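So the structure is just underneath, and the comments pick up after that.
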Amino acid sequence: MVVFVCFYIRRISEQAVAMRKDIHQLVDNAIPVLINLKEISERLNHVVTDVEVYWEEIDHFVKVVKKQLSLFSSIKIFNTVELPFNIVIKYYKALTEGTSAFLNTYKHK
Numbered sequence: 001m002v003v004f005v006c007f008y009i010r011r012i013s014e015q016a017v018a019m020r021k022d023i024h025q026l027v028d029n030a031i032p033v034l035i036n037l038k039e040i041s042e043r044l045n046h047v048v049t050d051v052e053v054y055w056e057e058i059d060h061f062v063k064v065v066k067k068q069l070s071l072f073s074s075i076k077i078f079n080t081v082e083l084p085f086n087i088v089i090k091y092y093k094a095l096t097e098g099t100s101a102f103l104n105t106y107k108h109k
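With this note's numbering, letter number 41 in the sequence shown gets 41, and the count goes up by one each step, no holes.
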């Protein structure tokens, strides 16, 4: 009976060591992936920021054109045009900033 218990404890110990080794290997493999995700998130954030700047320029140009058109005509349709792309950019930027914050928090833990 004592031999069986010793054998069983040894087997559990070997499995625990193997599991610890697997977890350590998983963490070692996950760290480069998380670093790449962080870099991608930062690059996407930069791209979104650039797109926002360009979009603001386009938005300004559209407003100037609408103003000029309103001086020459009484068409009111241009005053009701909404720019839904602004909302998409805002949500996308929030998503990339949230992802970046999550990865930073995960990296520091």
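Glycine residues also receive a C-beta, built at the ideal position from the N, C-alpha and C atoms. Given the structure is predicted, the values throughout are model-derived calculations rather than measurements.
Which residue from Leu-103, Ala-101 and Val-47 puts its Cα closest to that of Ile-89? The closest CA to that of Ile-89, considering only Leu-103, Ala-101 and Val-47, is found on Val-47.
CB of Leu-103 within 8 Å of CB of Leu-26, strictly: 8 Å or more divides the Cβ of Leu-103 from the Cβ of Leu-26.
Helix or strand or just coil, what does DSSP make of Asp-50? Helix.
Leaving out the 5 sequence neighbours to the left and right, which residues in its chain are closer than 8 Å to Glu-97 when beta-carbon positions are compared? Result list for Glu-97: Asn-45, in chain order.
Near Val-51, what residues of its chain come up, given a Cβ to Cβ distance below 8 Å and the 5 sequence neighbours on each side ignored? Once the five neighbours on either side are set aside, the close Cβ partners of Val-51 are Ile-89.
For a quick check, are the C-beta atoms of Ser-41 and Thr-99 less than 8 Å apart? Result yes, Cβ atoms of Ser-41 and Thr-99 sit closer than 8 Å.
If you run the structure through DSSP and keep just helix, strand and coil, what is Asn-104? Note: Asn-104 maps to helix in three-state DSSP.
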